[in-house]
Amino acid sequence: MGVGFGLSNIAKADGHSVMFASWGGSFQDALRSSMLTPASQDLGIEVKEDTTNGIQDVRAQISANAVAWDVAEMELSACETLSRDDMLEPIDYKMVDASGIPSDLRQDNYIGFINFTKVIAYRKDKFGNNGPQSWADFWDVEKFPGKRGMHGKVNYNLEAALMADGVAKSEIYNVLSTKEGLERAWTKLAEIVPHVTVWYRGGSQSAQILRDGEVDVVHMGHNRVESVANSGVDVSYTFQDGTMDVDCLLVPKGAPNYANAMKLINSVLSASSQATLAKTMPLGPVNKYAFDAGVLSIEQAKNVNTHPDNYDKQLLVDPNFYIGQLDVLTERFDTLIQQ
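Numbering (the numbering used here) for the sequence shown: 1 to 339.
Put into structure tokens, the structure is as follows:
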């Protein structure tokens, strides 16, 4: 069976296919080659694909009673929010082998998929080997002049602002939990807003603006930076002050091909599948057995964000900060960056 792409029409249950939605671009290319095509061949079902911009897409499909996706990849905070809103089907753990997945990522209605990190990346034709190495550097527009890019979502930007303001990574969410701390983050974020050339909307755009020189320094997925480097552009990045998060897999309520959704989830969470993705694109497996699957070399493992040499340099994002207030934070953020 083949893998289709870009099928956004309303899906109908057919028993022979499954619709998977992810973030597009080089990342989805990597998913296809390392996970989706092998799963299609092994399971004997067609894996169709679509792209998503996040939680609102799932809500819109359910509200319209027009669910097209069987499996979707989302940030952990979005997964938990949709679960609390009763918008997800349960995960059938009789069909999904979750023995290698951390217990806190095995939830009733969603399951962990990959660890990813957004890093500070820069063009070496602008900064040489002396590009920004921290959020304090990113905010320092005099020492590091240049066009800046940031993700046009509130997620990670408040944390970045506090790191730029000198808050230790271990204290970020303690500070954000107070009214005064949250205002401190908004105030610091407002300082950098006038210097941001592009607020990108998706991972593919982040790679495009770095590759094409629309920005000189940008906060973006480190796997996307690798794809830009592989295209021949001289870029670099640091894991220092990176924001590490977890994406999960979910099944929207009313998904037309539930059984095939469970089969696909089981396949892409296997140790070998997770390791193959990490080899194709250095993203952190959630399956703890992936590093023992005999797929990754020692050198390849060192480029993965969850490697011990990289892990402690990063902020582990706490999804609980966003749950219950994501809409309010998003509204204020959108207003701020549009000024």
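A virtual CB, placed ideally from N, CA and C, is assigned to each residue, including glycine. Keep in mind that this is a model prediction, so the values were computed, not measured.
Roughly how many whole angstroms lie between the Cα atoms of residue i and residue j?
i      : j      : result
Asn130 : Gly284 : 27 Å
Ile337 : Ile209 : 18 Å
Glu46  : Ser206 : 30 Å
Ser103 : Gly112 : 10 Å
Tyr173 : Arg59  : 28 Å
Phe144 : Ala168 : 22 Å
Gln41  : Lys153 : 36 Å
Thr178 : Leu329 : 14 Å
Gly128 : Ser236 : 9 Å
Asp97  : Ile91  : 11 Å
Thr238 : Ala160 : 14 Å
Asn260 : Gly15  : 7 Å
Tyr122 : Val198 : 14 Å
Gly203 : Ala164 : 23 Å
Ser99  : Tyr93  : 10 Å
Asp108 : Arg201 : 30 Å
Asp85  : Gly324 : 10 Å
Ser83  : Ser26  : 29 Å
Met220 : Leu189 : 17 Å
Met87  : Val233 : 42 Å
Thr280 : Lys126 : 28 Å
Tyr110 : Asp292 : 25 Å
Pro310 : Pro282 : Note that residue 310 is Asn in the sequence shown, not Pro. Using only the alpha carbons, I get a separation of about 12 Å.
Quick one, which of the options has its alpha-carbon nearest residue i's?
i      : options                           : result
Gln314 : Phe116, Asp29, Asp42 and Met19    : Phe116
Asn157 : Glu226, Arg123, Val141 and Ile192 : Ile192
Ala301 : Ile323, Ala278 and Lys126         : Ala278
Phe395 : Ile120, Leu249 and Asp212         : Because the chain spans 1 through 339 in this model, residue 395 falls outside it and cannot be assessed.
Thr81  : Thr335, Leu329, Asp334 and Pro319 : Pro319
Asp65  : Ser272, Tyr322, Val295 and Ala255 : Residue identity check: residue 65 is Asn in the sequence provided, not Asp. Comparing Cα-Cα distances from Asn65 to each of Ser272, Tyr322, Val295 and Ala255, the minimum goes to Ala255.
Thr37  : Val328, Ile298 and Val18          : Val18
Val295 : Ile62, Asp309, Ser272 and Lys124  : Ser272
Cys79  : Asp241, Val251, Asp312 and Ile62  : Val251
Glu142 : Pro132, Met262 and Leu189         : Pro132
Asp245 : Thr306, Val218, Ala30 and Val71   : Thr306
Leu43  : Glu49, Met262, Leu316 and Glu299  : Met262
Gly242 : Leu316, Asp327 and Asp50          : Leu316
Gly146 : Gly166, Leu162, Val196 and Arg184 : Val196
His222 : Glu214, Asp212, Gly213 and Gln240 : Gln240
Arg224 : Leu105, Glu180, Arg184 and Val304 : Val304
Classify residue i as helix, strand or coil using the three-state DSSP reduction.
i      : result
Phe27  : helix
Arg32  : helix
Val328 : helix
Met150 : strand
Phe20  : strand
Ile348 : Since the first and last residues shown for the chain are 1 and 339, residue 348 lies out of range.
Tyr173 : helix
Tyr122 : strand
Arg201 : coil
Gly112 : strand
Leu315 : strand
Pro308 : helix
Gly254 : coil
Gly166 : coil
Val196 : strand
Gly131 : coil
Thr178 : coil
At a Cβ threshold of 8 Å, is residue i touching chain B?
i      : result
Asp212 : You won't find chain B in this structure, because it holds only one protein chain.
Every unbroken beta strand (DSSP E) inside the region 38 to 92 [3 residues or more]
46 to 51 and 71 to 75
Scan the region 203 to 251 and note each continuous alpha helix (DSSP H) run of 4 residues or more that stays entirely inside, going in chain order.
203 to 211 and 222 to 230
For the region 132 to 150 and the region 265 to 272, state whether three or more C-beta atom pairs, one from each stretch, are separated by less than 8 Å.
no
Three or more C-beta pairs closer than 8 Å, one from the region 51 to 67 and one from the region 285 to 304: is that the case here?
no
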